[in-house]
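Below is one structure; the comments refer to it alone.
Residue numbers (our numbering): 367 to 552.
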């Protein structure tokens, strides 16, 4: 792919918001067409981690929770935040156990992705978890979660029909479906 130079000029910047999870910076810029303006950037202090647990019968687990930012209930793959500088795989293992009560004997890193690159630097990693064993879920006190075990095909249909709209979940489920189609998962 052809790499391009940065056509944006930053004239100044100021931090306009900061909390333990995000920081918002506003920049005075000259845009690629030469006009002056502002650009806001949300800096995430954690990586987004998603896990697709898949058992020997090709069932998976979804986590349901009310998402404050969307003002609606959302079904998703197990997910969590990984502080920058810590091990993403260890975070994935912890989140899978906390949210679903599952531990996995086999882990595969599937892909990395930018989640909202027009306004944020949010970055995510998605893992496949196999060889599953059920333990006890221990969600964080701020989480009210529902967990359901369904066939992977049903999860795929929930993406296709628009029930699942979370980006890590959609990308992960589509990736697993492609791996099933080309025989890498059976």
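For glycine and all other residues, C-beta sits at the position ideal for the given N, C-alpha and C. Just so we're clear, the structure is a prediction, and the values are computed from it rather than from any experiment.
Integer-rounded CB distance, given that residue j should sit under 8 Å from residue i
i	j	result
residue 468	residue 427	7 Å
residue 369	residue 415	The pair is not a contact, with the Cβ atoms about 28 Å apart (cut-off 8 Å).
residue 479	residue 537	6 Å
Reduced DSSP secondary structure (H/G/I, E/B, other) of residue i
i	result
residue 431	strand
residue 541	helix
residue 525	helix
residue 533	helix
residue 450	coil
residue 481	coil
residue 550	coil
residue 461	helix
residue 420	strand
residue 445	strand
Residue i and residue j closer than 8 Å at C-beta
i	j	result
residue 495	residue 464	no
residue 473	residue 530	no
residue 412	residue 450	yes
residue 542	residue 551	yes
residue 533	residue 481	yes
residue 443	residue 512	no
residue 470	residue 419	yes
residue 393	residue 383	no
residue 509	residue 438	no
residue 429	residue 466	yes
Residues sharing a beta bridge with residue i, DSSP
i	result
residue 405	393
residue 371	Residue 371 pairs with nothing; no bridge assigned.
residue 498	470
residue 486	408
residue 513	429
Alpha-carbon spacing of residue i relative to residue j, whole angstroms
i	j	result
residue 409	residue 547	37 Å
residue 380	residue 434	27 Å
residue 424	residue 407	40 Å
residue 395	residue 497	51 Å
residue 487	residue 454	17 Å
residue 456	residue 491	12 Å
residue 446	residue 452	13 Å
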